[in-house]
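Engineer:
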Amino acid sequence: MAGTASSPAARIKSLTELVQNSGLYPNNPIVNSATTEPVIWVDGRDHLLFCSNNLLGLSNHSEVKATAQKALERYGLGSGGSRQMAANIDVHRALEQRIAEFVGQEDAICFAAGYMANVGVIPALMKVDFLQSLAETHLGNSSVDKIGEDDTAGWEVFSEELNHASVVDGVRLAKAKISKFPHKNIKRLAEALGMSKMPSKLIVSDGVFSMDGDIAPIPAIADLAREHDAMLMIDDAHGVGMLGANGRGSLEHHGVASTDVDLQMGTFTKAFGGVGGYVAGDKEVIDFLRISARTYIFSAPLPPAIAAGVTEAIDIAEREPWRREKALENAFYFRREVESRGYRTLGSEAHIVPTLIGDELKAAEVTRLLRHRGIIAPHARYPAVALGQARIRFVMTCQHEREQIDFLLGCLAEMRETLNL
76 MAGTASSPAA RIKSLTELVQ NSGLYPNNPI VNSATTEPVI WVDGRDHLLF CSNNLLGLSN
136 HSEVKATAQK ALERYGLGSG GSRQMAANID VHRALEQRIA EFVGQEDAIC FAAGYMANVG
196 VIPALMKVDF LQSLAETHLG NSSVDKIGED DTAGWEVFSE ELNHASVVDG VRLAKAKISK
256 FPHKNIKRLA EALGMSKMPS KLIVSDGVFS MDGDIAPIPA IADLAREHDA MLMIDDAHGV
316 GMLGANGRGS LEHHGVASTD VDLQMGTFTK AFGGVGGYVA GDKEVIDFLR ISARTYIFSA
376 PLPPAIAAGV TEAIDIAERE PWRREKALEN AFYFRREVES RGYRTLGSEA HIVPTLIGDE
436 LKAAEVTRLL RHRGIIAPHA RYPAVALGQA RIRFVMTCQH EREQIDFLLG CLAEMRETLN
496 L
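According to our numbering, the residues represented by the sequence shown are 76 to 496, in order.
Laid out in structure tokens, this is it:
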């Protein structure tokens, strides 16, 4: 539709063209094969893939695919509605019970995406007082006049500054007071909690930070939560299935009991090779979320075939620890070797290994040159990271072989010289 030069549509078009012409617009390749393998088919030739979330190789595991296929034949492609209507299918409940058992919590609630888990659950927690008043009125225990607006005046959320975008959006949607504390800065978090006048507090932190690959100081955060009577929620999307002696995640990595954290959020997209998200915790809290989280109530759940396949994937991950061990060994090797070639990895401790480039245009050029050499490894830049902190975000999986990593290292060594990185 035509508009003036100052119309919203014209301004959007102008900005898009500016980004495209600058060379910063994402030029995502069209892949003609499964992106769950370490070698994919792009532009008529093989490419090494160093950004896959299929960390344990379970997306393409024969038993996972067979289980999903059986469920597809039995239940069909979609769920046919929301969980609150007709689509509360047995495989959904089985998955919730299995992931709750895996992470050591009483129960869990599943969502169609990890993003939907965070943007649904965080605002839902803030509604407890309003819903309490509504419930009492509906049950005849209170007057209609007692019901106030659906606000969150009594809540304050303490959010880590490098939390995932879904946490950031969930906190914004909650409409509570927000106190953002610096990355892994326990002193500043303690100060903010000590100054808070709010009766209800929620601390939210990633377990493994998605752009840096480092791990949150969960023991210290849990201590502060207890001291200040605050709820604690950990987004362990990148930790579950990967960290800890048994792959239980960031809590197990630190030796923190599951009972020391009120809510553990995670996804099925990374270690378990599927899609979807969950939040696990005490049964009563999970039951509350089933009647308050809008992204659960007003959305279709996971397709049954995915739910069944992910349940199988959790079983395999638990009985085959070599998968996470190899992925982490690959990450340790790459991190050590790329640092020896002069790159900074920003304190990475897990399978995510960023290499800092700094300048956004240079990072885009590194991605372009890597692709020319047959390597897919996109760069992360603002707003995913701070301005001037652009990086190539490499992800190591159990499917990568040493010679593939060595080839990548050789390419990066050459580019450091040619691009003066």
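For every residue, glycine included, the Cβ atom is placed at its ideal position computed from N, Cα and C.
Small disclaimer: the values here were computed from a predicted structure and weren't measured.
Compute the distance between the beta-carbons of K252 and E231, then report whether it is under 8 Å.
Structural biologist: Yes, the pair counts as a contact, with Cβ atoms nearer than the cut-off.
Engineer: State the DSSP-derived secondary structure class of G384, mapped to helix, strand or coil.
Structural biologist: Of the three classes helix, strand and coil, the one that applies to G384 here is helix, per DSSP.
Engineer: Under three-state DSSP, which class holds R491?
Structural biologist: Three-state DSSP puts R491 in a helix.
Engineer: Tell me, please, which residues DSSP counts as bridged to K252.
Structural biologist: E231.
Engineer: Taking the straight line between their C-alpha atoms, what separation do you get for R323 and I309?
Structural biologist: Spanning the two alpha carbons is a distance of roughly 13 Å.
Engineer: So T212 and A383 are in contact, right, with Cβ under 8 Å, and what is the actual spacing, rounded?
Structural biologist: Contact doesn't hold; Cβ gap of about 41 Å is too wide.
Engineer: Apart from the five residues on each side of it in sequence, which residues of its chain come closer than 7 Å, Cβ to Cβ, to P292?
Structural biologist: Hits under 7 Å: K259 and I261.
Engineer: What are the boundary residues of the alpha helix (DSSP H) that includes Y408?
Structural biologist: Note, Y408: alpha helix (DSSP H), W397 to S415.
Engineer: Can you name, in chain order, every residue of its own chain whose Cβ lies under 6 Å from the Cβ of E424, other than the five neighbours on each side?
Structural biologist: Once the five neighbours on either side are set aside, the close Cβ partners of E424 are D289 and I290.
Engineer: Taking the straight line between their C-alpha atoms, what separation do you get for T74 and T79?
Structural biologist: Nothing about residue 74 can be read from this structure; the chain reaches only from 76 to 496.
Engineer: Who are the Cβ neighbours of A392 in its own chain at under 8 Å, not counting the five residues just before and after it?
Structural biologist: Closer than 8 Å at Cβ, skipping near neighbours: L131, L133, G316, G322, A346, F347, R398 and R399.
Engineer: From E236 to R149, what distance separates their C-alpha atoms?
Structural biologist: So the alpha carbons of these two residues sit roughly 45 Å apart.
Engineer: Mark R477 as exposed unless 16 or more other C-beta atoms lie within 10 angstroms of its C-beta, in which case mark it buried.
Structural biologist: Answer is exposed; the Cβ neighbour count stays below 16.
Engineer: Drop a sphere of 10 angstroms on the beta-carbon of A32, count the other beta-carbons inside from all chains shown, and report buried for 16 or more, exposed for fewer.
Structural biologist: Look at the range of the chain in this structure, 76 to 496, and you will see that residue 32 is not part of it.
Engineer: Give me the residue from V178, C185, V246 and A175 with the minimum Cα distance to I197.
Structural biologist: Among V178, C185, V246 and A175, the Cα nearest to that of I197 is on V246.
Engineer: Note down the Cα distance separating W116 from A388, rounded to an integer number of angstroms.
Structural biologist: The straight-line gap from Cα to Cα measures roughly 25 Å.
Engineer: Who are the Cβ neighbours of L264 in its own chain at under 8 Å, not counting the five residues just before and after it?
Structural biologist: Around L264: F233, F256, I278, I296 and L299.
Engineer: Grouping DSSP H, G and I as helix and E and B as strand, with all else coil, what is G282?
Structural biologist: The answer is coil: DSSP assigns G282 none of H, G, I, E or B.
Engineer: Within 10 angstroms of the Cβ of D220, are there 16 or more other Cβ atoms? Answer buried if so, exposed if not.
Structural biologist: Low confidence applies to D220: its pLDDT is 49, below 50, so where it sits in the model is not reliable enough to give any reading.
Engineer: Return the chain-ordered list of same chain residues with a C-beta closer than 8 Å to the C-beta of G319, the five sequence neighbours on each side being excluded.
Structural biologist: Here the set comprises S325, L326, E327 and H328.
Engineer: Could one say the Cβ of L307 lies closer than 8 Å to chain D's Cβ atoms, at least one of them?
Structural biologist: Of the protein chains in the structure, only one exists, and it is not chain D.
Engineer: Tell me whether L338 sits in a helix, a strand or coil according to DSSP, three-state version.
Structural biologist: If DSSP states are grouped into helix, strand and coil, L338 belongs with the strands.
Engineer: So for R86, helix, strand or coil by DSSP?
Structural biologist: In the structure shown, R86 sits in a helix (DSSP, three-state: H, G or I).
Engineer: Identify, in the order they occur along the chain, each residue of the same chain with its Cβ nearer than 8 Å to the Cβ of F409, setting aside the five sequence neighbours on each side.
Structural biologist: Answer for F409: V428, F469, M471, I480, L483 and L484, listed in chain order.
Engineer: Within the same chain, show all residues whose beta-carbon is closer than 6 Å to that of T344, passing over the 5 residues directly before and after it, in chain order.
Structural biologist: Same-chain partners within the cutoff: N128 and V350.
Engineer: Take R491 as the anchor and find which of K250, R419 and S154 has the nearest alpha-carbon.
Structural biologist: The shortest C-alpha separation from R491 is found at R419.
Engineer: Beta-carbon within less than 8 Å of K437's beta-carbon, same chain only, minus the 5 sequence neighbours each way: which residues are those?
Structural biologist: Excluding sequence neighbours, K437 sits near A465, L494 and L496.
Engineer: Kindly list the residues whose CB is nearer than 7 Å to the CB of L445, restricted to its own chain and excluding five residues on each side of it in sequence; keep chain order.
Structural biologist: So the qualifying residues of the chain are A452 and C486.
Engineer: Would you grab the beta carbon distance between G356 and Q339 for me? Rounded to a whole angstrom, and I think it's under 8 Å.
Structural biologist: Rounded, the Cβ-Cβ distance is 7 Å, consistent with contact.
Engineer: Would DSSP call A455 helix, strand or coil?
Structural biologist: Of the three classes helix, strand and coil, the one that applies to A455 here is strand, per DSSP.
Engineer: Could you tell me the alpha carbon to alpha carbon distance between S81 and V114, rounded to whole angstroms?
Structural biologist: About 46 Å.
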